[in-house]
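The next block holds one structure in the form of structure tokens; read it before the comments.
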Amino acid sequence: MSSSSLPPNPDPVLNVSITPELIEKHGLQPEEYDHIVQTLGREPTLTELGIFSVMWSEHCSYKNSKPLLKTFPVEKKDTSRGYGRVMVKAGEENAGVIDIGGGWAICFKIESHNHPSAVEPFEGAATGVGGIIRDIFTMGARPVLLTNSLRFGDLEDATVKRLFRGVVAGISHYGNCMGIPTVGGDVVFDESYEGNPLVNALCLGILRHDQLQKGAATGVGNPVYYVGAATGRDGLGGASFASRELTEESQADRPAVQKGDPFMEKLLLEACLEMMAIPGLVVGIQDMGAAGLTCSTCETAGRGNAGIEIELDEVPQRETNMNSYEIMLSESQERMLVIVQKGREKEIEDVFAKWDLHAAKVGEVKEGDRMVVKQHGVTVADLPARFLTDEGPVYEREAKEPAYLAKTQAWKPDEIADLTKESLAEALPGLLGDPSIASKEWVYRQYDHMVGASTVVLPGSDAAVCRIRTGEGDKFVAIANDGIGRYCYLDPHRGGLIAMAECLRNLACSGAEPLAMTDNLNFGNPYKPEVFYTMKEAVKGLSDCCAAFDVPVVGGNVSLYNENHRGAIDPTPVISVVGLIEKEADITTQTVSAAGQKLLLLGGWPDEIGGSQYLQTVHSVKTGRAPEIDLAKEKTVHDLVRQVIREGRVKAAHDLSDGGLLVAVGEMLFAEEQNFGATLELASASPARWDALLFGESQGRILLAVDSAEEETVIATAQAAGVAVQSLGKVTAEPILSLRTGGSLDHSWEVKNLRDIWSQRIGKAMALPGLPS
Amino acid sequence: MKVGVLQFPGSNCDQDSLHAFATVLGVPARLVWHKEESLEGLDLVVVPGGFSYGDYLRCGAIARFSPVMKALKAYAGAGGMVMGICNGFQILCEAGLLPGALIRNDCLEFRCETVNLTLAARREAWQAPLGANPLRIPVAHGEGNYRIDHAGLAELEANDQILFRYADRPAAIERRGNPNGSLSDIAGICNREGTVIGMMPHPERAVESFHPSRDGLPILQTLLKLAGHR
Amino acid sequence: MKIIVTVTPKKNVLDPQGAAVQHALESQDFPGLKAVHVGKIIELEIDEQGGAGWEERIDRICRDLLSNPVIEDYRWEKAS
Amino acid sequence: MKIIVTVTPKKNVLDPQGAAVQHALESQDFPGLKAVHVGKIIELEIDEQGGAGWEERIDRICRDLLSNPVIEDYRWEKAS
Ligand SMILES: Nc1ncnc2c1ncn2[C@@H]1O[C@H](COP(=O)(O)OP(=O)(O)O)[C@@H](O)[C@H]1O
Ligand SMILES: [Mg+2]
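Protein chains in written order, with the working numbering: chain A, 981 to 1753; chain B, 13 to 242; chain C, 66 to 145; chain D, 66 to 145.
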């Protein structure tokens, strides 16, 4: 270790001594700072302090979540179908990579941009999309689809509308311009997200095994290139900003947002893929995300077990007189760091010249383990790279069960009256018109979800399905996003289990075999033991479910300090599972397609009402216990559904989730260009409570529509598999949904009315005065 | 028969168009980089969708100055078949190869959905293969609102240059047929000769079994046929 | 020298953005509004020595690139 | 009375539109260009009698509605 101090920085402003205030401003604990001084054998410079602050921020170091993330299964055990092997595990590189057979692989990851979106929704969401796309193509993959998970406060609130509109427009702008279809996602509205929306974006790419790239700097003497947009003073300190609570004072941080340029990124994407297609040219590549140049240089050096040296004068700059602190911490978008084979500089320069982009040689790979940064030839930072990346602080925070749980879990259904004919008549349209359940068409019609001409199942069904052209036959990937904060608030462990189980159920309904999962953990301040408890329990739930289904976690993201004036948001792990469908014929959607089809309910009659959307929408209470979940039973139902789908017996499949049975049936009747009706025979159910049967959210339930000729076989198959199955009734051409309960609850709704409420709810709320919608 | 698909910085439906012609229809087709200066040997030139140059000034405004556009003008001037789809339509209008202009959708939002189209032109080459049925074709654009002055519209009508119009949606669905407020529901037009065509909907997204329809096929096949007759 | 080019929608051309702003202002209780138009402004910073014919050159780029004469009008001025 | 509001990207904020126009002009042989910025212009036609405090009202709508203060600056003037 060198203990001699560095020469003065060329910018005198940076030559200040490090005070406790500065240390605190950089989000570092006094012990962390002492550890730095001890390891360096000297005080860090201000530039170096900035580097530590971003590298050891929650965002980059996962210091408060690492021990939890370690509990996730990261490998798939059963790869006997010829696909599913994890080629790059979670945390190893920018995104995980999974073998899908035939020499092809997929690569996907989710990432949050919650805090930037709260400050500037359009640019915050847009740059979130831009960032996750770079994470994918840096692996050598061509991005082929995007999804997003969004959470907002009450849709009637003017600020919520502004945020919602801005976020959707930002996602739409970036994804559409890139020409990557946004094929799915989820949106939930709940007061707990007021002032702190969640914006999680996912990208999935495809690659041949031999196209895989690594983010490591190796080969002493190899040149280090900076490619893409020039560096400006964008989002200075954004990475550390994302790790602090969003307080009133961050309003003043406003200019700290970055602005994206999707056109630039499209060129960067094409140029990078073209460059990576040249055999042996690229040694390592890493995108510049949070903490841009800092993170990419020390991470590539750390992974490559090498040193790296860069000269900031060579970095393309958009503004004048930027000092080393600013350049190293800038969060300008659309930039990448590339290490290429020495002697082949002209090849990379030619590719970037073709696309009219910068490719500047900024340094080279060095012997040793140091990350050395120079400006005007003067060393401004000299740090051990792996110390920054691998030896950051890690904490096991204190966990304490929140007091409210005792109360909500003690809640009993008898506190509310069961349905009457009148309340039933209102409840269904009420639920279909709840913004969390209502159609999200207002959102996805703003996304180009068909570019690529490969979207097989468009947004609006349980899972989106996209075709992958391999040159030797098509493959089909299915993807779904889920994560109900309400359940996690009421029972974090079950909430975690259900998030994952529901996502897997959505894939089963589409006919897909699950491959792997990515998650985004959105929680409040982890220093609050009650918050940390919910995170710990929810992660355990996810992890347990992953293990039970043999679905590994291949990457993810953690977003903490999601709080508003009332405290933490509902604990919200958002997860997404990708699955594979081998044959086009097996792709299944959720809408019925002809009168006479029979509706079957798998998994038994729902019988729980606690934690339901019904309680929240109709009775305005968020209480009770989240529904029970039995993973073994759940898995049997999924396997059964896939089996009967593969046998060609299923016309439509849809899971019961938010809103329960009647909402699910309603959604199945809203076909693309036509409304169907259905007659439901429920007399045999004779439930203890009708609300629990009709609107309860008991897990492991799936509705199938089958031709009447197949009904008996499917029932027999279910029974043989030990799955409870009920014949519910049949689909009718006349668009009326009738309920026969054998008693006073018989009721009929016009499907057109239900559909109008469901399909127009969000669009009406978001309509701009005087404009057509 | 050889099809060329232009590729500008920011084009993003170039691969889809290429796939529709080369793989689905099995016609020799290649990409043409915007810096190429000749279109010799091509029978049909497709100007694909996307966001050329980010569409930062006006859609299609900057692409118009690419080197290949000089060649395209010469090519079209000599009677060559040109098809502009979405951003390609915008580029052709900006370049003056088609009349009128495309402005922001009247809802001020990007719209991606499958619309119903009717063939509006009485041109025989199109009537026979397409007939009267509404075609279901996807749109995806933020600026597809076609505008032209009175005289220009009258001229389009008089010369039978309005190729496609947006049609109503089924009564079950509360959604207007015209997704962008386009004048006279115009979705696609052609020059007088019928050799330069521009349309906002994407026929290349309606050619395979799993697409919303396969109604794009007869459109692309008609183009090929017209190109062959030259 | 700084040139400011202003591009506005032609009088008879639909201006959805202008209409949207007008509605938004009206709904926010901004009385007395008669019309709103939304256009673009392009600021060009050029080297002082424009050279002969620079004014025609500005006119040309306004016509050819910065505006679309089918739907837009332009004007330009030297900034003070 | 006619009010012209001009909204431009803040000085240090990325201006991809400006960059695209600059690039296009340069490739068209328009020499001596140092920088290009693209912004929005909003023309408001209002009834003559603005009433007391109308200037503050204009300021307010510029801030709240017509510009995004996070990334944009605005200015306004009475048209001649
Ligand atoms: N933010 C979004 N972006 C794109 N599509 C979305 C978004 N939110 C919801 N969707 C689509 O709307 C449909 C219904 O969503 P959701 O109610 O969350 O489904 P589920 O309950 O089956 O998980 C899905 O197809 C989903 O992909
Ligand atoms: Mg579902």
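C-beta: ideal position from N, C-alpha, C; glycine also.
Query	Result
Would you call S1490 of chain A buried or exposed, if buried means 16 or more other Cβ atoms sit within 10 Å of its Cβ?	buried
Is S1033 of chain A near ligand 3, in the sense that its beta carbon is under 6 Å from a heavy atom of that ligand?	Summarising the ligand content, the structure contains ligand 1 and ligand 2 and does not contain ligand 3.
Expressed to the nearest angstrom, what Euclidean distance is found between the alpha-carbon atoms of R1142 of chain A and R159 of chain B?	30 Å
Among the candidates B:G16, B:V17, B:R217, B:H46, whose CA atom is the shortest distance from the CA of T126 of chain B?	B:R217
Tell me which residues of the region 69-98 of chain B have at least one Cβ-Cβ distance to chain D shorter than 7 Å, keeping chain order.	L69, I74, F77
Does the count of Cβ pairs from the region 1190-1201 of chain A and the region 1111-1121 of chain A closer than 8 Å reach three?	yes
Taking Cβ positions only, does G104 of chain C come closer than 7 Å to chain D?	yes
Please name the residue or residues paired with C124 of chain B in a DSSP beta bridge.	B:A152
Just the Cα atoms here: how many angstroms apart are D1233 of chain A and E1103 of chain A?	Its pLDDT being 40, under 50, D1233 of chain A is placed unreliably in this model, and the value from its coordinates should be taken loosely. So the two alpha carbons sit approximately 15 Å from each other.
Could you name the residues that DSSP lists as bridge partners for Q1297 of chain A?	A:T1211
Verify the CB distance criterion: does D197 of chain B have a CB-CB separation below 7 Å to chain C?	no
R148 of chain B and D227 of chain B - do their beta-carbons sit closer together than 7 Å?	yes
How is the alpha helix (DSSP H) around I209 of chain B delimited, first residue to last?	I209 of chain B -> not in any alpha helix (DSSP H); beta strand (DSSP E) instead, spanning 208-211.
Do you know how far the Cα of H1429 of chain A is from the Cα of L1261 of chain A?	34 Å
Is DSSP giving R1669 of chain A helix, strand or coil here?	coil
Alpha carbon to alpha carbon, what distance is there between V1066 of chain A and A1390 of chain A?	43 Å
Output needed in chain order: residues of the region 1740-1752 of chain A with a Cβ under 8 Å from some Cβ in chain C.	L1748, P1749, G1750, L1751
Verify whether the separation of the beta carbon atoms of Y1063 of chain A and I1086 of chain A is less than 7 Å.	no
Can you tell me whether DSSP reads C71 of chain B as helix, strand or coil?	coil
Tell me the DSSP secondary structure of T1059 of chain A in three-state form.	coil
Establish whether the CB of V86 of chain D and some CB of chain B are separated by less than 7 Å.	yes
Excluding five sequence neighbours on each side, which residues of the same chain lie with their C-beta closer than 7 Å to the C-beta of N157 of chain B?	L114, I115, R116, N117, D118, N192, G193, S194
Where do the N-terminal and C-terminal ends of the beta strand (DSSP E) with D1166 of chain A fall, by residue?	1162-1169
Would a check of beta-carbon distances place T73 of chain D closer than 7 Å to chain A?	no
With the cut-off set at 7 Å, would you say G1639 of chain A and I1464 of chain A are in Cβ contact?	no
Which residue from A:V1643, A:K1392, A:G1476 puts its Cα closest to that of P1553 of chain A?	A:G1476
Who are the near neighbours of I69 of chain C in its chain, counting only those whose CB is closer than 7 Å to its CB and skipping five residues on each side?	I106, E108, W141, E142, A144
G143 of chain B touches chain D at which residues, Cβ-Cβ below 7 Å?	Result: empty, since nearest Cβ-Cβ is about 43 Å, beyond 7 Å.
Short of 6 Å in beta carbon distance, which residues of its chain neighbour S1441 of chain A, apart from the five on each side in sequence? Order them along the chain.	T1569, Q1570
Give a yes or no on contact between the region 1284-1301 of chain A and the region 1172-1180 of chain A, applying the rule of three or more CB pairs nearer than 8 Å.	no
Distance check for K1069 of chain A and P990 of chain A, CA to CA, integer angstroms please.	42 Å
Under a CB-based cut-off of 7 Å, is P178 of chain D close to chain B?	The structure shown does not extend to residue 178 of chain D, since chain D is modelled only from 66 to 145, so the question has no answer here.
Could you say which of A:T1211, A:N1505, A:P1472, A:E1493 lies nearest to A1386 of chain A if we only look at CA atoms?	A:P1472
Rounded to the nearest angstrom, what separates G1535 of chain A and V1694 of chain A at their Cα positions?	37 Å
Assign V1345 of chain A to one of three DSSP states: helix, strand, or coil.	strand
Taking CB distances under 7 Å as the criterion, tell me whether V78 of chain D reaches chain A.	yes
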